[in-house]
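Asks: Have a look at this one.
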Amino acid sequence: MANKRIVIIGSGIAGLSAAEAARKTDPEAQILILTENSHPPYHRPRLPGVIMDPDSVDKIILHDQAWYQDKNLDLRRGVRVKAVDTDQHSVQLEEGESITYDKLILATGSRSFMP
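Residue numbers for the sequence shown follow our numbering, so the first one is 3 and each next one is one higher.
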C-alpha cells in the first residue's frame, strides 16, 4: 500500500504541531505543509519584540530548515490554496497545481482586521 499523504494548510504553531503529531503517528506518511507566507514560520506573539529590536528576528523563527528535514516534512512557502475539493480529496493552488491528499488538516489561524 502506498504511503498516506497528509496535507496541512497553515504553518503557524497549530500547523507545525499537527505536522509533528502526524509524523509521530505515521512515520511513513508524506506530510506536506502549505503556507502563503514566503518567510519561515515564526512565533507571532513575539513579533512586537522584533519591531523594538530588528536584529532579533532570528529568535522568533519556530524551526530552522534542518528541523523540517529531520522530520521529513515538506514545507512549501509562498503558495496560496484557491480551493479544496473534499469529494476528490484534492486542494487546488492558485497557480493551477492540484494536490491530492488522504488526510487534510486546516490550520490557517486567524487574521486581524479593523471593522
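No residue lacks a Cβ here, since even glycine has one placed at the ideal position from N, Cα and C.
Going by the CB atoms, is the gap between residue 106 and residue 10 shorter than 9 Å?
Replies: Within the sequence shown, the letter at position 8 stands for residue 10. Within the sequence shown, the letter at position 104 stands for residue 106. A contact, by the Cβ cut-off of 9 Å.
Asks: What would DSSP say about residue 19, mapped onto helix, strand or coil?
Replies: Your numbering for residue 19 matches position 17 in the sequence shown. Here residue 19 sits in helix by DSSP.
Asks: Return helix, strand or coil for residue 90, following the three-state DSSP convention.
Replies: On the sequence shown, residue 90 is found 88 positions in, with the first residue counted as 1. Three-state result, residue 90: coil.
Asks: On the criterion of 16 or more Cβ atoms from any shown chain inside 10 Å, does residue 53 qualify as buried, or is it exposed?
Replies: Here the question's residue 53 lines up with position 51 in the sequence shown. Classification of residue 53: exposed, given that the 10 Å Cβ count is below 16.
Asks: Could you pull out every residue in the same chain whose Cβ sits closer than 6 Å to the Cβ of residue 104, ignoring the five residues on either side in sequence?
Replies: Position 102 of the sequence shown, counted from the first residue, corresponds to residue 104. Correct list, in chain order: 6 and 7.
Asks: Suppose you measure from the CA of residue 83 to the CA of residue 37; what does that come to, to the nearest Å?
Replies: Working through the sequence shown from its first residue, we reach residue 83 at position 81. Working through the sequence shown from its first residue, we reach residue 37 at position 35. Looking at the two C-alpha atoms, the distance is approximately 8 Å.
Asks: If residue 40 and residue 80 are in contact, beta carbons under 8 Å, what's the gap, nearest whole angstrom?
Replies: Taking the first residue of the sequence shown as position 1, residue 40 is located at position 38. Taking the first residue of the sequence shown as position 1, residue 80 is located at position 78. The pair is a contact, with the Cβ atoms about 4 Å apart (cut-off 8 Å).
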